[in-house]
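Everything below concerns the one structure shown next.
Numbering (the working numbering), first residue to last: 116 to 266.
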């Protein structure tokens with residue numbers, strides 16, 4: 116009889132331990148799922164920040180290229196229009212004095228427009244260098260060096 120009670124108590128203890136083990140197993144599984152979800156969210160956040168910086172960099176490059184190419188196109192049209200104008204003055208003027216003044220005006224105009232469009236391009240480059248510096252500082256040292264990687 117005592118052995119039956121001992122066996123029953125041992126069986127009950129084993130069942131209790133088994134139940135506790137199963138409960139702990141499921142709790143650990145749930146904790147692991149939560150941990151993996153947090154890690155995935157962190158990895159997604161890091162990847163999103165990287166993609167945002169890449170998109171910003173691409174937009175800045177596109178904007179810089181657009182201003183540079185637009186400036187070149189406007190400069191070409193400007194030179195064409197002024198070239199035609201000065202050529203017409205040169206062709207149809209009867210006075211050599213007027214032709215000489217037009218030639219001098221053309222030289223001054225060409226030099227000033229070259230300087231102006233060069234200044235526009237230089238300013239465009241400088242603004243984008245400053246924008247790059249600002250975005251690098253805002254990114255922070257961990258993001259810049261790639262140390263902010265998920266575990």
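Glycine included, every Cβ here is placed at the ideal spot set by N, Cα and C.
Considering only residues of the same chain and omitting the five flanking positions on each side of residue i, which have a CB-CB separation below 7 angstroms?
i: residue 266; result: Caution is warranted here: a pLDDT of 45 is assigned to residue 266, below 50, making its placement in the model unreliable, and the coordinate value is therefore given only provisionally. So the list reads 154, once near-sequence residues are dropped.
i: residue 235; result: 186
Under a Cβ-count criterion, where at least 16 other Cβ atoms within 10 Å of its own Cβ denotes burial, should residue i be classed as buried or exposed?
i: residue 217; result: buried
Hey, out of the options, whose CA is closest to residue i's CA?
i: residue 248; options: 171, 226, 235, 126; result: 171
i: residue 239; options: 184, 133, 192; result: 184
i: residue 232; options: 150, 193, 168, 128; result: 193
Whose C-beta lies closer than 6 angstroms to the C-beta of residue i among residues of the same chain, with five residues either side of it excluded?
i: residue 221; result: 201
Got a sec: does the ligand COA put a non-hydrogen atom nearer than 7 angstroms to the Cβ of residue i?
i: residue 234; result: With respect to the ligand COA, the structure shown offers nothing to examine, as it has no ligands at all.
If I measure Cβ to Cβ from residue i and keep anything under 8 angstroms in the same chain, skipping five residues before and after, which residues do I get?
i: residue 178; result: 243
Are the segment 206–216 and the segment 117–137 in contact at 8 angstroms, needing three or more beta carbon pairs? Fewer than three pairs of CB atoms, one per stretch, sit closer than 8 angstroms, so the segment 206–216 makes no contact with the segment 117–137.
If we require 4 or more residues per run, which alpha helix (DSSP H) segments fall completely within the segment 201–228? Counting whole runs of 4 or more residues, the segment 201–228 contains no alpha helix (DSSP H) stretch at all.
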